[in-house]
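Enquirer:
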Amino acid sequence: MSKHVLFHQGIEAFNRRDVDAFLEICHPDCELQPFLRARDDDSPYRASDGIRQWFAATDAAFEEVRKERSSSAKRTEPCSPSASSTSGAGPAASR
């Protein structure tokens, strides 16, 4: 499966808040360094337990979180930081 397909599946799973579907496309030793953070330290979330913690913390901090593919993203770099944008709503989004 191509990186582009996996990238889009990841965004769709993220937007559905479907952590199991999100983890299906992640490497078992993945690390997530999110832009929207629900904790104060800068360490990444690691492996499936960390990703689950991040989903739970984000859902607790934000009423709504959505990820969209950037229209200016290069097709050769689907997972670069500029390939998508994230928006949130709720008390934590106004910090």
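In my numbering, the protein residues as written are 1 to 95.
Here a beta-carbon is modelled for each residue, glycine too, at the ideal position from N, C-alpha and C.
These figures come from a predicted structure and were not determined experimentally.
Excluding the 5 residues flanking Q9 on each side, which residues of the same chain have their C-beta closer than 7 Å to its C-beta?
Expert: I25
Enquirer: Residues in the same chain with beta-carbon distance under 7 Å from K74, minus the five sequence neighbours each way, listed in chain order, please.
Expert: Caution is warranted here: a pLDDT of 49 is assigned to K74, below 50, making its placement in the model unreliable, and no coordinate value can be reported.
Enquirer: According to DSSP, is E64 helix, strand or coil?
Expert: strand
Enquirer: I'd like the list of long-range same chain contacts for A56, defined as Cβ closer than 7 Å, with 5 residues on each side in sequence excluded.
Expert: none
Enquirer: Are the Cβ atoms of I51 and F22 separated by less than 8 Å?
Expert: Taking the C-beta atoms as reference points, F22 is found nearer than 8 Å to I51.
Enquirer: Can you find the residues in the same chain that come closer than 6 Å, C-beta to C-beta, to S48, ignoring five residues on each side of it along the sequence?
Expert: Closer than 6 Å at the Cβ level, and outside the excluded window around S48, lie L23.
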